[in-house]
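Enquirer: Sequential numbering from 535 applies to the sequence shown in my numbering. For each residue, glycine too, the CB sits at the ideal point set by N, CA and C. Sending over a structure as structure tokens; questions will come in a sec.
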Amino acid sequence: MPYNWIHPEDYTMDTLLYFDRWVLRYLLNDQPGDKHPAAYRAMVGRALWRYPHVAEFCRNKAPECAPYVDAALNSVPADLNDRAARQAETAFLQHHETFVVYAWPEVMERVNYIADWDRKWLDELIDLTGLVVLDVGAGTGRLAFAAARDALRVYASEPCDRLREYIRDRISDRAITNMKVVDGTATCLPFEDATFDAVLSGHVVGDDYEGELNEMRRVTKSGGWLIICNGDDEFQRALPDGELLRRGFEAFRHESPSGGIIYNYRLRV
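The following block contains the structure:
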């Protein structure tokens with residue numbers, strides 16, 4: 535689904551130099567559900583053709599991707615020219631725009647799901663006063679910074695190093711004393727059982743409901759809350775997430791200033 539978060543012409547394949555191993559593992563592999571993997575591999579090869587230093591970085595950063603990188607480059611036709619290579623490059627970057635913004639947090643901050651979001655939607659779901667809170671997949675810190683206003687302590691878990699450092703810089707700039715940044719994913723959180731009064735997330739749950747929700751529930755205290763507070767966008771959702779409803783979540787609906795219909799969710803553990 536295209537989101538049009540970036541103008542791909544403004545970026546190059548050097549963007550991959552900012553990515554963590556787990557991102558490269560996803561990008562430089564057959565895509566889930568792709569019915570034409572050879573076409574995607576050909577695009578990758580053309581996109582990398584003018585960037586041997588990026589290809590070498592990927593081989594070393596994510597050795598498991600080296601065979602795919604080599605196969606992609608070996609598929610490049612002998613008559614490929616700079617114009618065709620640039621077209622493949624911009625197509626690749628547009629296709630993966632949701633990852634590109636991870637490399638450029640300032641750009642990510644301008645995306646509507648962050649820029650148009652209002653902290654009142656979090657306040658509608660839960661009173662965080664005095665609570666110990668975890669934000670899973672914190673991104674640029676949308677939920678974590680909002681929570682830090684009232685919470686006793688906030689931990690922002692984020693698997694992307696570029697975003698972790700961005701959050702840390704903002705914490706320092708704002709002289710925030712009750713917030714800490716850690717590495718972790720929704721299915722592997724670096725905390726003991728029953729650590730948090732509330733676990734927050736937004737645009738995280740959905741790839742693996744069972745694994746993600748079980749891990750988030752594991753680190754939540756009995757009687758605590760799982761909160762899914764999504765950002766704002768232009769998409770007209772007809773119904774809330776049926777899988778979350780089936781698992782007992784309560785849904786909250788609002789109209790986004792971006793034009794979309796947004797559903798947020800909460801569940802008492």
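Once DSSP output is grouped into helix, strand and coil, what is the label at residue 537?
Expert: Coil.
Enquirer: Counting only runs of 4+ residues fully inside the region 752–802, write out the alpha helix (DSSP H) ranges in chain order.
Expert: You should have 776–780.
Enquirer: Suppose the cutoff is 8 angstroms on Cβ atoms and the five residues either side in sequence are ignored; what does the same chain contact list for residue 784 look like?
Expert: Here the set comprises 799, 800 and 801.
Enquirer: To the nearest angstrom, how far is it from the Cα of residue 705 to the Cα of residue 720?
Expert: Cα to Cα, the separation comes out at about 22 angstroms.
Enquirer: For residue 632, name the three-state secondary structure that DSSP assigns.
Expert: Helix, per DSSP.
Enquirer: Let me know the secondary structure DSSP gives residue 689 once reduced to three states.
Expert: Strand at residue 689.
Enquirer: Under 7 angstroms between the Cβ atoms of residue 691 and residue 673?
Expert: Result no, Cβ atoms of residue 691 and residue 673 do not sit closer than 7 angstroms.
Enquirer: So, with DSSP's three-state summary, where would you put residue 561?
Expert: Helix, per DSSP.
Enquirer: Given 8 angstroms as the limit, is there contact between the region 605–616 and the region 640–657, that is, 3 or more CB pairs closer than that?
Expert: The answer is no - the region 640–657 does not touch the region 605–616, with fewer than three Cβ pairs under 8 angstroms.
Enquirer: Taking C-alpha atoms, which residue in 688, 552, 545 and 606 lies nearest to residue 663?
Expert: Of the listed residues, the one whose Cα sits closest to residue 663 is 688.
Enquirer: So is residue 754 buried or exposed if we call it buried at 16+ other beta carbons inside 10 Å?
Expert: Result: buried.
Enquirer: Just mark residue 735 as buried or exposed, buried being the case when its beta carbon has 16 or more other beta carbons within 10 Å.
Expert: Burial call: buried.
Enquirer: With residue 732 as the anchor, note down where its beta strand (DSSP E) starts and where it stops.
Expert: Start and end: 730–735.
Enquirer: At which residues does the beta strand (DSSP E) containing residue 716 begin and terminate?
Expert: From DSSP, the beta strand (DSSP E) with residue 716 extends over 713–716.
Enquirer: Cutting at 7 angstroms between CB atoms, please list the residues of its own chain near residue 732, excluding the five before and the five after it.
Expert: Closer than 7 angstroms at Cβ, skipping near neighbours: 660, 662, 665, 667, 758, 759 and 761.
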